[in-house]
Amino acid sequence: MSSFGKRLRGYKERVLGLFSNDIGIDLGTANTLVYVKGRGIVINEPSMVAINTKTGQVVAVGQQAKDMMGRTPAHIQSVQPVVDGVISDFEITSEMLSYLINKAQAGRSKLLGPRVAVGVPSGITSVEVRAVRDAARAAGAREVHVIEEPMAAAIGIELPVHEPQGSMVIDIGGGTTDIGIVSLGGLVNARNVRIAGDKFNQDIVSHIRNEYKMLIGEKSAEELKIAIASISPTRQHMEAIIRGRDLVTGLPREIMVTDQDVRNAIGHSIEELVESVKEVLETTPPEILSDVIRRGIYLAGGGALIRGLPEYLTRNLGVPVMVASDPLTAVVRGAVGSLCMRRSSFLYYLYSTVSRVAQCVRSCSARSRAYGRRVLR
Ligand SMILES: Nc1ncnc2c1ncn2[C@@H]1O[C@H](COP(=O)(O)OP(=O)(O)OP(=O)(O)O)[C@@H](O)[C@H]1O
Ligand SMILES: [Mg+2]
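Structure below.
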């Protein structure tokens, strides 16, 4: 783009910013992120809502709700609005979106409601899309755009999504892994599988139960995974202490586990993930496949941080695989980025109304001038 074009776009965006906020939301299974254009990430909290089951009222949202987990009286329940990448409860999601949109704009709301882009898993049904739209509208959004996560991640990674070139992204989140190939502004091929962070945690819980006859919670399994999970056995040897309940004696117990244990636990799921990626590659048109081989595959989401995963995928797929910079925020950055690519319907309406009025004034004055000339003659 020429420097004049860039300057013009800058002015346009500044004018747009005077009227309304642009907000990107990644409503993930594990974490919810909100990005406000011009301010960056303003919310990064667990996707959790605590509700009072007697009154149906929301007691807490986000980090506050997560902190309450396991410490609440019987009538207060902490629930996840998104389970396995699917919205589990419309009411709760609506409350969560309302909380997020209000918190993101606190003290900085504009004349008009915000434009909101929400990242959703690929393959979401039209009923679910409508549920997301309605929830965001009910929360005060003026315009709601739903963007599939692989597309959002590709925009967030700054891949050339609008060019006639294939770009491939694998977003390994908490509930789902989204595998997508993007070209010319659309998803050419995509797949959504339920093998992601939560599944790895469950694998670790079962492995410790089977191997050490000890019961650990999923939260401990997640901490273990983040601390020592590694796919490559050649890396530095790592170990960590884990606490739980001995299944034989019923008493608390503490053991030392190694990266090899975690590798054994999650190995099967990782292999299944590789198979799913291969299936996507096998059904991709050859021209686009050649772009993917040339440009490589980008990993996003928290799962991308598993040590040695890009090298393992590169070996098994025969395509270079790399981790995107800041993989946990790629989707939300892309969601807000997608808004910048859209024309604001309000400003477009304003512009078209003003230009219609100006045209009307011009034709009226031309007519009156012609009439004046006729009278003078
Ligand atoms: N360093 C790490 N190593 C391994 N796993 C990690 C690491 N950091 C985070 N994770 C895992 O990443 C997952 C969260 O990732 P992310 O925030 O991308 O998911 P999400 O967007 O909430 O979920 P989804 O996209 O499935 O709806 C969790 O399962 C977490 O345990
Ligand atoms: Mg995600």
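Take 1 as the starting number for the sequence shown in this note's numbering and just add one per residue. Heads up, the beta-carbon is just placed ideally off N, CA and C, and yes, glycines get one too.
6 Å Cβ shell around residue i - same chain, five flanking residues per side excluded
i: Tyr-99; result: Val-61
i: Ser-368; result: none
i: Ile-179; result: Ile-170, Arg-191, Val-277, Val-280
i: Gly-166; result: Ile-181, Ser-183, Ile-288, Asp-291, Val-292
Local Cβ density within 10 Å of residue i, reported as buried at 16 or more and exposed below that
i: Leu-247; result: exposed
i: Thr-32; result: buried
i: Gly-85; result: buried
i: Glu-290; result: The sequence as given places Ser at residue 290; Glu does not occur at that position. Label assigned to Ser-290: exposed.
i: Arg-7; result: exposed
i: Asn-210; result: exposed
i: Ala-300; result: buried
i: Tyr-371; result: exposed
i: Ser-365; result: exposed
i: Leu-251; result: exposed
i: Lys-213; result: exposed
i: Glu-143; result: buried
i: Glu-95; result: buried
i: Val-361; result: exposed
i: Val-357; result: exposed
i: Ser-363; result: exposed
Member of the options whose CA lies at the smallest distance from the CA of residue i
i: Pro-310; options: Arg-39, Gly-217, Asp-171; result: Asp-171
i: Ile-157; options: Glu-223, Val-280, Ser-325, Gly-24; result: Ser-325
i: Ala-104; options: Phe-4, Ser-20, Phe-90, Val-319; result: Ser-20
i: Met-68; options: Ile-43, Gln-57, Val-49, Asp-84; result: Val-49
i: Gly-56; options: Glu-91, Thr-72, Asp-22, Glu-45; result: Glu-91
i: Thr-125; options: Gly-28, Glu-148, Val-42, Val-280; result: Glu-148
i: Met-256; options: Gly-244, Leu-281, Gln-202; result: Gly-244
i: Ile-241; options: Ile-179, Ile-228, Ala-138; result: Ile-228
i: Tyr-26; options: His-145, Phe-4, Gln-77, Val-59; result: Residue 26 is actually Asp in this sequence, not Tyr. Selected option, being the one with the closest Cα: His-145.
i: Pro-327; options: Tyr-298, Val-59, Arg-315, Asn-316; result: Tyr-298
i: Ala-74; options: Lys-54, Asp-89, Asn-201; result: Lys-54
i: Asp-22; options: Ala-65, Val-82, Met-341, Pro-286; result: Met-341
i: Leu-317; options: Glu-275, Ile-226, Gln-63; result: Glu-275
i: Lys-37; options: Gly-24, Thr-72, Glu-223, Ala-136; result: Gly-24
i: Leu-97; options: Gly-107, Phe-4, Glu-45, Ala-358; result: Glu-45
Three-state secondary structure (DSSP) of residue i
i: His-207; result: helix
i: Gly-267; result: helix
i: Met-69; result: coil
i: Gln-260; result: helix
i: Ala-304; result: helix
i: Asp-198; result: helix
i: Asn-21; result: coil
i: Gly-180; result: strand
i: Ile-216; result: coil
i: Val-161; result: coil
i: Ser-338; result: helix
i: Ala-330; result: helix
i: Arg-142; result: coil
i: Thr-53; result: coil
i: Asp-26; result: strand
i: Val-127; result: helix
i: Ala-229; result: coil
i: Pro-286; result: helix
i: Leu-299; result: strand
i: Met-168; result: strand
i: Val-248; result: coil
i: Pro-121; result: coil
i: Gln-63; result: helix
Rounded Cβ spacing between residue i and residue j (contact assumed at less than 8 Å)
i: Gly-185; j: Val-161; result: 6 Å
i: Gly-308; j: Arg-235; result: 6 Å
i: Thr-29; j: Gln-80; result: 7 Å
i: Asp-259; j: His-237; result: 7 Å
i: Thr-93; j: Ile-101; result: That belief does not hold up - the Cβ atoms of Thr-93 and Ile-101 are roughly 12 Å apart, past 8 Å.
i: Val-116; j: Ala-138; result: At roughly 12 Å, the Cβ-Cβ gap does not stay under 8 Å, so Val-116 and Ala-138 are not in contact.
i: Thr-314; j: Asn-189; result: Actually they do not touch by this definition, with Cβ atoms about 20 Å apart.
i: Ser-269; j: Asp-203; result: 6 Å
Contact set for residue i: own chain, Cβ-Cβ below 7 Å, skip 5 residues either direction
i: Val-205; result: Ile-216, Glu-218, Ala-221
i: Ile-155; result: Val-161, Gly-334, Gly-337, Ser-338
i: Ala-196; result: Ile-172, Gly-173, Gly-174, Gly-175, Thr-176, Thr-177, Gly-303
i: Gly-296; result: Val-319, Pro-320, Val-321, Met-322
i: Glu-272; result: Ile-195
i: His-207; result: Asp-261, Asn-264, Ala-265
i: Ala-153; result: Val-169, Asp-171, Ala-300, Ala-330, Val-331, Gly-334
i: Val-127; result: none
Residue i at chain D interface by Cβ criterion, 8 Å
i: Gly-166; result: Given the protein chain composition of this structure (a single chain), no chain D is represented.
Proximal residues to residue i (C-beta, below 8 Å), its chain only, five neighbours per side dropped
i: Arg-187; result: Per the sequence shown, residue 187 should be read as Leu rather than Arg. Cβ neighbours of Leu-187 beyond the five flanking positions: Ser-122, Glu-148, Pro-150, Met-151, Gly-180, Ile-181.
i: Arg-373; result: none
i: Ser-232; result: Arg-307, Gly-308, Glu-311, Tyr-312
i: Pro-164; result: Ser-183, Leu-184
i: Val-59; result: Ala-50, Ile-51, Asn-52, Ala-65, Met-68, Ile-76
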